[in-house]
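Here's the structure, in structure tokens; my notes come after.
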Amino acid sequence: MLIRSLALTTALVSAPLAAQADWTLDPSHTSIMFSVNHLGFSDTIGFFESFDGDVTFDANNIPATEVSFTIDAASINTLWEARDAHIRNADFLDVENHPAITFVSTSVEQTSDTTAIITGDMTLRGVTQEVTFDASLNQLAPNPFNPTQGVAGFTITGEVDRTAFGIDFGAPVIGAIIPVTINTELNAPAALIN
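Numbered by mature numbering (1 follows the signal peptide of the UniProt record, and there is no 0), the letters in the sequence shown go through residues -21 to -1, 1 to 173 in order.
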């Protein structure tokens, strides 16, 4: 989902890469995690199991970077099946009527050699709102076990206000502001890393 898209954008804005880079998401080293405060007593941790993303990038024209991602809303997992079933129903994600969570970038702003702010439109449960994510490049280098393979690793963080998307159930005692953390690796031919 969001991963390849958001992460790749950061790498491309913050590291010297070839103008046309064909990076692919490594799903075995990618996670989309979130937490929800429960009544002030604890934070419930969850993640999505199914997602994909795309990016169009020109190293000579960073503002023209385009990022999109899609998450399978039904793939939510909080490690408690009864809770997951509730989150999938109309009180929360309503996956029967809104099976996908999407993000489409509207701007990418480089903030340092290794960081960027990615702004875009998120659509959740049929409602579209502007959100921003902070992206950090962890490392861009050849894979030490396969020098012909380039790897870019990122951490992406942000917050999503679920009530802005009409998901009001239990708020505010069940947290309305949802912190999101994405860790990802992207792969490409090592020749793309200058």
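Note that the Cβ used here is the ideal one computed from N, Cα and C, for glycine as well.
Which partner residues of residue i appear in the DSSP bridge assignment?
i	result
residue 119	131
residue 111	98
residue 161	11 and 135
residue 65	Paired residue(s): none; residue 65 is not in a bridge.
residue 76	None; residue 76 has no bridge partner.
residue 87	97
Pull up the distance between the alpha-carbon of residue i and that of residue j, whole angstroms please.
i	j	result
residue 119	residue 29	25 Å
residue 147	residue 70	8 Å
residue 93	residue 117	8 Å
residue 11	residue 138	13 Å
residue 144	residue 46	21 Å
residue 108	residue 99	8 Å
residue 142	residue 153	11 Å
In the structure shown, what three-state DSSP assignment does residue i receive?
i	result
residue 144	helix
residue 54	helix
residue 60	helix
residue 169	helix
Within 10 angstroms of the Cβ of residue i, are there 16 or more other Cβ atoms? Answer buried if so, exposed if not.
i	result
residue 112	buried
Check whether the Cβ of residue i lies closer than 9 Å to any Cβ atom in chain D.
i	result
residue 137	Here there is only one protein chain, and chain D is not present.
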